[in-house]
Amino acid sequence: MFSYKPNPKPVLSLSSNLIICHSSPSTPTPTFPSVNRTKQSHARIIVSGLVGHANLMAHLLLSLALSPSPPLRYSLSIYQNFKYPSVFATNNLIRCFAKSDSPSHSIVLYSSMLRKHAKPNNHTFTFLFQACSKALGMEEGAQVHAHVVKYGLADDLFIRNALINFYSACSRLEYSKKVFEESLSSRDLVTWNTMLACFVRDGKIHLAEEVFDEMPERDVISWSTIITGYVQSGLLEQALKLFRDVMEKRLRINEAMLVSVLSAAAQLGLLEYGKLVHSVAKSLKFPMTTPLGTSLIDMYAKCGCIEQSKLLFDNMPQKDIWTWNVMICGLATHGLAKEAIALFEIFINEGFAPATVTFIGVLSACSRAGLVKEGRHYFKLMTQDYGIQPEMEHYGCMVDLLGRAGFVNEAVELIDKMQVTPDPVLWATLLGACKIYGYAELGEEIGHKLIKLDPSHSGHYVQLSTIYAKSNKWEEVIRVRRLMIERNTNKTTGWSLIEAHGRVHKFVAGDREHDRFMEIHKMLETIGTRIAEAGYSPNISSVLHDIGDEEKEIVIKEHSERLAIAFGLLVIPDGECIRVVKNLRVCEDCHEVTKFISKVFEREIIVRDGSRFHHFKDGTCSCGDFW
Numbered sequence: 001m002f003s004y005k006p007n008p009k010p011v012l013s014l015s016s017n018l019i020i021c022h023s024s025p026s027t028p029t030p031t032f033p034s035v036n037r038t039k040q041s042h043a044r045i046i047v048s049g050l051v052g053h054a055n056l057m058a059h060l061l062l063s064l065a066l067s068p069s070p071p072l073r074y075s076l077s078i079y080q081n082f083k084y085p086s087v088f089a090t091n092n093l094i095r096c097f098a099k100s101d102s103p104s105h106s107i108v109l110y111s112s113m114l115r116k117h118a119k120p121n122n123h124t125f126t127f128l129f130q131a132c133s134k135a136l137g138m139e140e141g142a143q144v145h146a147h148v149v150k151y152g153l154a155d156d157l158f159i160r161n162a163l164i165n166f167y168s169a170c171s172r173l174e175y176s177k178k179v180f181e182e183s184l185s186s187r188d189l190v191t192w193n194t195m196l197a198c199f200v201r202d203g204k205i206h207l208a209e210e211v212f213d214e215m216p217e218r219d220v221i222s223w224s225t226i227i228t229g230y231v232q233s234g235l236l237e238q239a240l241k242l243f244r245d246v247m248e249k250r251l252r253i254n255e256a257m258l259v260s261v262l263s264a265a266a267q268l269g270l271l272e273y274g275k276l277v278h279s280v281a282k283s284l285k286f287p288m289t290t291p292l293g294t295s296l297i298d299m300y301a302k303c304g305c306i307e308q309s310k311l312l313f314d315n316m317p318q319k320d321i322w323t324w325n326v327m328i329c330g331l332a333t334h335g336l337a338k339e340a341i342a343l344f345e346i347f348i349n350e351g352f353a354p355a356t357v358t359f360i361g362v363l364s365a366c367s368r369a370g371l372v373k374e375g376r377h378y379f380k381l382m383t384q385d386y387g388i389q390p391e392m393e394h395y396g397c398m399v400d401l402l403g404r405a406g407f408v409n410e411a412v413e414l415i416d417k418m419q420v421t422p423d424p425v426l427w428a429t430l431l432g433a434c435k436i437y438g439y440a441e442l443g444e445e446i447g448h449k450l451i452k453l454d455p456s457h458s459g460h461y462v463q464l465s466t467i468y469a470k471s472n473k474w475e476e477v478i479r480v481r482r483l484m485i486e487r488n489t490n491k492t493t494g495w496s497l498i499e500a501h502g503r504v505h506k507f508v509a510g511d512r513e514h515d516r517f518m519e520i521h522k523m524l525e526t527i528g529t530r531i532a533e534a535g536y537s538p539n540i541s542s543v544l545h546d547i548g549d550e551e552k553e554i555v556i557k558e559h560s561e562r563l564a565i566a567f568g569l570l571v572i573p574d575g576e577c578i579r580v581v582k583n584l585r586v587c588e589d590c591h592e593v594t595k596f597i598s599k600v601f602e603r604e605i606i607v608r609d610g611s612r613f614h615h616f617k618d619g620t621c622s623c624g625d626f627w
């Protein structure tokens with residue numbers, strides 16, 4: 001077994017910079033005696049005159065050590081009454097410290113144990129590695145590892161499992177892997193799950209897949225961990241597919257799995273899948289815990305069902321700050337700015353302290369509704385009353401708010417006063433405002449700055465091209481396009497998703513791959529005829545090519561969201577809402593077309609684009625044409 005040379009000096013300290021690690025998914029927490037019950041037992045022991053019974057008192061410590069948050073002063077007071085504390089009693093106090101906000105005390109107690117010439121056992125080291133993992137005490141943990149070798153416990157299965165987790169927590173994944181691979185005979189399901197969780201935590205999803213495929217057996221932790229890994233790595237479709245496998249095989253499901261799959265459904269905007277997960281949670285009688293409830297609120301909000309989110313939020317038995325943040329941000333995304341602000345005020349009155357993300361929600365709500373006065377107020381409130389230093393996202397909301405409201409010069413001043421260097425996204429936001437209000441000279445300057453800052457990002461070239469196109473500077477458009485080709489950058493492909501009949505259908509502009517594309521294009525022609533009769537006139541300004549107007553009309557009418565909506569009109573029954581998810585911001589013409597479709601065909605259409613939600617009904621959009 002690979003190891004460090006034993007350090008003859010006992011470990012005396014840990015870094016004071018304690019960081020809590022993300023825990024891997026786990027099974028439901030077992031029920032242990034509460035602290036109050038332990039105190040009642042302690043009282044009976046005192047009344048019975050058995051305080052001197054070392055074994056009884058040691059088991060009192062065990063009861064406290066099993067608690068999720070052991071009371072340290074009480075635990076220590078019991079331990080200090082031992083004249084000659086046993087290894088069992090000391091281990092339990094080490095375990096109490098390992099779970100606390102002061103895991104370094106576990107190491108101090110271990111040092112004291114060594115000075116008293118007490119011999120640690122395998123449980124001692126397991127709890128010590130838990131403490132070092134929580135404190136990210138790499139140096140101290142390495143010394144403890146050396147002691148493991150010194151005491152001949154290197155092959156102990158529990159210690160090896162704790163070691164794998166410890167090295168991963170300290171960002172030494174290569175050491176975790178070495179411990180895992182050193183002894184094929186000293187592995188159990190926990191070993192495999194620990195290694196799997198280590199790869200997932202480090203973002204090495206391909207290695208996690210290898211471990212998962214090689215596992216001799218799997219349990220709910222294994223499946224939950226790999227699903228979580230897929231979601232964290234952005235492999236959302238794989239996560240949903242694996243969850244379906246779990247259900248088809250009738251395997252056990254835990255809360256962590258449900259939360260991860262809800263996140264995947266939310267990010268993809270797949271309402272039917274999200275509803276399926278919700279129904280599974282209900283059928284298995286999962287309690288509405290804060291993590292599960294918050295995930296459901298987020299899923300429904302991101303899938304366009306903001307009313308369902310509000311209903312869940314109102315009925316949740318317990319809410320934490322993240323529940324409130326998710327609801328505030330959900331309202332903001334749907335353009336319900338006044339509701340988001342009102343909820344924020346209730347949040348403050350409830351005694352919660354807003355976090356960075358809370359103000360991102362509030363400021364984005366103001367931005368999406370054009371509430372300039374309110375945006376200025378909350379930006380000032382954040383910095384002056386709550387001492388939160390603005391991050392790039394806050395500046396982005398303010399620049400977007402000011403820029404789209406026409407206060408371009410104020411937005412420029414805000415960027416100039418920033419204490420952090422503006423990133424390309426911020427400049428791109430300002431460039432968008434220049435495009436809207438015709439600040440051609442400033443837009444050209446920002447466009448060139450963006451291309452210099454991030455030459456591989458196709459969007460910057462497209463934005464600059466748009467500004468040139470609006471000024472009919474086609475030679476400049478061609479020059480920028482040529483520059484894109486020379487630098488091997490391409491415009492991000494736009495796509496749209498729609499759920500129907502248990503399947504997810506994906507479209508790109510001009511799509512001919514769908515098995516019903518003939519019907520879809522026939523429906524597009526029907527749409528074009530009927531909305532033209534209703535007064536629709538194409539807006540071809542978003543088409544950057546120097547081609548005839550008729551050709552431009554053909555280009556825009558085959559944008560991905562129009563194909564998805566046409567398909568929705570074919571397959572989704574009358575009276576039901578058509579829901580579309582688009583990866584890019586919807587263009588002006590498609591926005592106008594969708595308004596006409598909602599009126600002419602008498603259908604409610606919800607589109608989630610790269611910026612916000614658009615609820616189209618009776619010829620109007622919830623964004624008020626401000627997006």
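So for the sequence shown, UniProt numbering puts the first residue at 1; every next one is plus one. All C-beta atoms in this analysis are idealised placements derived from N, C-alpha and C, irrespective of residue type, glycine included.
Unbroken beta strand (DSSP E) run spanning residue i, endpoints
{"i": "K506", "result": "503 to 508"}
{"i": "K582", "result": "578 to 582"}
{"i": "I253", "result": "Where I253 is concerned, there is no enclosing beta strand (DSSP E), given that its DSSP letter is neither H nor E."}
{"i": "H615", "result": "613 to 617"}
Buried versus exposed call for residue i [16 or more other C-beta atoms within 10 Å across all chains shown]
{"i": "P216", "result": "exposed"}
{"i": "P70", "result": "buried"}
{"i": "M418", "result": "exposed"}
{"i": "E499", "result": "buried"}
{"i": "E441", "result": "exposed"}
{"i": "G52", "result": "exposed"}
{"i": "Q308", "result": "buried"}
{"i": "residue 628", "result": "The first residue shown for the chain is 1 and the last is 627, placing residue 628 beyond what the model contains."}
{"i": "L311", "result": "exposed"}
{"i": "S48", "result": "exposed"}
{"i": "V416", "result": "Position check: residue 416 holds Asp in this sequence, whereas Val was assumed. D416 should be labelled exposed."}
{"i": "A353", "result": "exposed"}
{"i": "N325", "result": "buried"}
Cutoff 8 Å; reference residue i; Cβ partners in own chain excluding five residues on either side
{"i": "R612", "result": "T333, H334, G335, R368, C623, W627"}
{"i": "L570", "result": "R516, E519, I520, M523"}
{"i": "L258", "result": "V277, V280, A281, F286, L292, S295"}
{"i": "C366", "result": "A337, I341, V372, E374, G375, Y378, C397, L401"}
{"i": "V580", "result": "S496, L497, I498, E561, A564, I565, G568, I605, I606, V607, R608"}
{"i": "K617", "result": "S598, E604, I605"}
DSSP-derived helix/strand/coil call for residue i
{"i": "V51", "result": "coil"}
{"i": "F601", "result": "coil"}
{"i": "A500", "result": "strand"}
{"i": "R516", "result": "coil"}
{"i": "T594", "result": "helix"}
{"i": "T620", "result": "strand"}
{"i": "I606", "result": "strand"}
{"i": "W627", "result": "coil"}
{"i": "P8", "result": "A caution first: P8 carries a pLDDT of 36, below 50, which makes its placement in the model unreliable, though a value can still be read off. It is coil, neither helix nor strand."}
Other residues of its chain near residue i: CB distance less than 6 Å, five sequence neighbours each side excluded
{"i": "M484", "result": "Y461"}
{"i": "H545", "result": "Its pLDDT being 44, under 50, H545 is placed unreliably in this model, and the value from its coordinates should be taken loosely. Closer than 6 Å at the Cβ level, and outside the excluded window around H545, lies no residue."}
Boundaries of the alpha helix (DSSP H) in which residue i is found, first to last residue
{"i": "F289", "result": "It is worth fixing the name first, because residue 289 is Thr in this sequence and not Phe. Here T289 belongs to no alpha helix (DSSP H), and DSSP marks it neither H nor E."}
{"i": "T323", "result": "321 to 333"}
{"i": "I227", "result": "220 to 232"}
{"i": "G361", "result": "356 to 369"}
{"i": "R376", "result": "372 to 384"}
{"i": "M138", "result": "138 to 150"}
{"i": "M398", "result": "392 to 404"}
For residue i, the nearest candidate out of the options (CA to CA)
{"i": "R95", "options": "F82, Y110, D156", "result": "Y110"}
{"i": "M138", "options": "C305, L173, L184", "result": "L173"}
{"i": "S100", "options": "P120, F125, S112, R73", "result": "R73"}
{"i": "W192", "options": "Y175, K204, I164", "result": "I164"}
{"i": "L189", "options": "I221, K178, T383", "result": "I221"}
{"i": "V200", "options": "E588, I227, A65", "result": "I227"}
{"i": "S183", "options": "A154, A208, D202", "result": "A154"}
{"i": "F507", "options": "G269, K582, L363, V144", "result": "K582"}
Sequence-distant residues of its chain with Cβ nearer than 7 Å to residue i (five each side left out)
{"i": "N91", "result": "H123, T124, F127"}
{"i": "E86", "result": "The sequence given here has Ser at residue 86, not Glu. Result list for S86: A54, A58, in chain order."}
{"i": "R481", "result": "S465"}
Cβ-heavy atom distance, residue i to the ligand MN, below 8 Å
{"i": "F601", "result": "You won't find the ligand MN in this model; it holds no ligand whatsoever."}
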